[in-house]
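If you're matching them up, the sequences are chains H and W in order.
For the first sequence, position 25 matches number 25 in my numbering, and the numbering has no gaps at all.
Add 1000 to the 1-based position in the second sequence for my numbering, that's all there is to it.
Ideal placement from N, C-alpha and C gives every residue a C-beta, glycine not left out.
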Amino acid sequence: GAVVSQHPSWVICKSGTSVKIECRSLDFQATTMFWYRQFPKQSLMLMATSNEGSKATYEQGVEKDKFLINHASLTLSTLTVTSAHPEDSSFYICSASLGPRFNEKLFFGSGTQLSVL
Amino acid sequence: RKEVEQDPGPFNVPEGATVAFNCTYSNSASQSFFWYRQDCRKEPKLLMSVYSSGNEDGRFTAQLNRASQYISLLIRDSKLSDSATYLCVARHNNDMRFGAGTRLTVKP
């Protein structure tokens, strides 16, 4: 089946640093990837939809200048958390769909646990 | 109001029990529906799609009622390995909305 690789699995960083998370589709081309954030005991919250070759579409309340998304190729999307602060500590997870049709399943990366000290 | 609402649980059941989860969605234009399973600090994994006619996969049965905008998941003969959080998902085009999840613990 389709595989989505996400790195790193976990990051511990100091407040004020920037952290980049990579999401790769290994055996298919993903024109669209999705970035989610999940706080403990809460559901996945969509942060943004990343489209190859164009600007990401951010959900309401998500700061696009803080969460920089780049989707430069059909197999790679990156999320950069700029000037991270403790409140940004969360589980970040990406996903990709095999296609734009509504019945296409989502495949998830393994997630990145970010801890900001 | 959340777009997808689920009973958060937790549901604590003995092995062998039958347990049912419910979910409602607010976007009547939602086109497809899924149940995902998520273990702690892991990515969600697709459990099954949900069809209007209802569908079954082994011990798992999913139902969809479009008129009521209601989705259900039934687990029969619960196993210890079924312990996880179950996420209900409604999709409209490229927009997938997740419920907060229902936590299930199956005990010996």
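Delimiting residues of the beta strand (DSSP E) encompassing residue i
i	result
residue 1014/W	1011-1014
residue 1070/W	1070-1075
residue 55/H	Neither: residue 55/H is in no beta strand (DSSP E) and is coded neither H nor E.
residue 37/H	32-38
residue 1051/W	Where residue 1051/W is concerned, there is no enclosing beta strand (DSSP E), given that its DSSP letter is neither H nor E.
Best match in the options for proximity to residue i [C-alpha to C-alpha]
i	options	result
residue 993/W	1048/W, 1035/W, 1047/W, 1063/W	Residue coverage of chain W in this structure runs from 1001 to 1108, which leaves residue 993/W outside it and unanswerable.
residue 90/H	68/H, 25/H, 26/H, 41/H	41/H
residue 79/H	93/H, 20/H, 38/H	20/H
residue 60/H	67/H, 71/H, 4/H, 47/H	47/H
residue 1068/W	1029/W, 1108/W, 1017/W, 1018/W	1029/W
residue 31/H	109/H, 64/H, 95/H	95/H
residue 8/H	106/H, 54/H, 92/H	92/H
residue 1052/W	1084/W, 1093/W, 1102/W, 1072/W	1072/W
residue 1035/W	1094/W, 1107/W, 1004/W	1004/W
residue 33/H	65/H, 82/H, 58/H	58/H
residue 117/H	6/H, 3/H, 11/H	11/H
residue 50/H	1103/W, 1108/W, 1094/W, 1106/W	1094/W
residue 107/H	1100/W, 1058/W, 1047/W	1047/W
Residue i, DSSP secondary structure in three states
i	result
residue 1082/W	helix
residue 1095/W	strand
residue 27/H	coil
residue 1056/W	strand
residue 22/H	strand
Near the ligand GDP: residue i beta-carbon under 8 Å from a heavy atom
i	result
residue 55/H	In the structure on display, the ligand GDP does not appear, and there are no ligands present to speak of.
Segment contact, 8 Å Cβ cut-off, at least three pairs: the region 1078-1095 of chain W with the region 1010-1029 of chain W: Here the region 1078-1095 of chain W makes contact with the region 1010-1029 of chain W; the two share three or more CB pairs at distances below 8 Å.
Given 8 Å, three or more beta-carbon pairs between the region 73-91 of chain H and the region 5-15 of chain H: yes
The region 1005-1024 of chain W in contact with the region 104-116 of chain H per 3-pair CB rule at 8 Å: no
3 or more residues per run - each beta strand (DSSP E) lying fully within the region 1003-1049 of chain W: 1004-1006, 1011-1014, 1019-1025, 1032-1038
Contact the region 1067-1083 of chain W vs the region 20-29 of chain H: 3+ CB pairs below 8 Å: no
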